[in-house]
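Numbering of the sequence shown is given in the numbering used here, commencing with residue 1385 and proceeding in unit increments.
Inspection log for the structure reproduced underneath, given as C-alpha cells.
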Amino acid sequence: TFQGPPHGIQVERDKLNKYGRPLLGCTIKPKLGLSAKNYGRAVYECLRGGLDFTKDDENVNSQPFMRWRDRFLFCAEAIYKSQAETGEIKGHYLNATAGTCEEMIKRAVFARELGVPIVMHDYLTGGFTANTSLAHYCRDNGLLLHIHRAMHAVIDRQKNHGIHFRVLAKALRMSGGDHIHSGTVV
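Here's what the structure looks like:
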C-alpha cells in the first residue's frame, strides 16, 4: 500500500529546470473571492514577476464563484503565457482535493491533460486512502504530488493527546507525497 515518495526535490528541479538556488514560490491571496479569470491573472503576475511556481491555498477548491475546471484552465494559461515571456519553466500546484476519490482523480487527469506538472491534495481533509489513490495516479502518470497539511492542528497541537506533526509528515511521505506544505513552527 505505501510505496513511499516516488520523486523528490531533484525531480521537481528537473521539471522546472532550476538548479543551484532555492525554488521561489507563493500561495495566491486572497485565497477566496476571486473569479477564476482574476485568479489566473494573479498566477500570471507572480510567475511573470520572477517566481518559479505558485500554489492554490487549501480553501481553494470548487466554489460557485470559481469552479475548479475554470481555475485549472486559467492557471494553465497563466503558466504558458509566463513561460513564453520569460523563457523559463513555471508551475502551479492545482488543488485536486474533492469529495470522492473518483472526482479527485478526474481533476488530476484534467491537470495532466493541460500539461501542469504538479497537483496538490489536502491529505487530512481528503483522507489517507484518497492520498494514496492520488499518489498512485501521479506516480503512474508523471505528476508530482504536493501535500497540504490542512486540518493538522486538530491532531498535532494537543498537549495531552494527538499525533506529532513529524509522524503525520512521515505518514504522508510513505503514502506517496513528493513534498509537504509544512508551514511555520508555531
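Ideal Cβ positions, reconstructed from N, Cα and C, are used throughout, including at glycine.
**Prompt:** Out of curiosity, what's the CA-to-CA distance linking residue 1542 and residue 1489?
**Reply:** 33 Å
**Request:** Please check the pair residue 1566 and residue 1516, which I expect to be a contact at CB under 8 Å, by giving their CB distance rounded to whole angstroms.
**Result:** No, residue 1566 and residue 1516 are not in contact; Cβ-Cβ is about 20 Å, not under 8 Å.
**Item:** Cβ shell of residue 1521 (< 6 Å), same chain only, five flanking positions each side left out
**Value:** 1489, 1492
**Asked** Can you name the start and end residues of the alpha helix (DSSP H) that residue 1515 belongs to?
**Response** 1512–1525
**Message:** Assuming contact is defined by CB atoms lying nearer than 9 Å, are residue 1523 and residue 1390 in contact in what I supplied?
**Reply:** yes
**Presumed contact (8 Å Cβ cut-off) between residue 1571 and residue 1423, rounded CB distance** = Given a span of 1385 to 1570 for the chain in the structure shown, any question on residue 1571 remains unanswerable.
**Request:** Return the CA-CA distance between residue 1465 and residue 1545, expressed in angstroms with no decimal places.
**Result:** 48 Å
**Asked** Would you call the CB atoms of residue 1563 and residue 1549 closer than 9 Å?
**Response** no
**Message:** Let's test the definition: count the other Cβ atoms within 10 Å of the Cβ of residue 1386 and tell me whether it reaches 16, buried, or not, exposed.
**Reply:** exposed
**Asked** Assuming residue 1531 contacts residue 1556 under a Cβ cut-off of 8 Å, what Cβ separation, rounded to an integer in Å, is found between them?
**Response** 5 Å
**Prompt:** Between the region 1466–1475 and the region 1440–1451, do three or more beta carbon pairs fall short of 8 Å?
**Reply:** no
**Request:** Check the C-beta distance from residue 1443 over to residue 1478 and give it rounded, since I have them as a contact under 8 Å.
**Result:** Contact flag wrong, Cβ pair sits at about 14 Å.
**Three-way DSSP call (helix, strand, coil) for residue 1503 in this model** = strand
**Item:** residue 1470, enclosing alpha helix (DSSP H) - first and last residue
**Value:** 1452–1470
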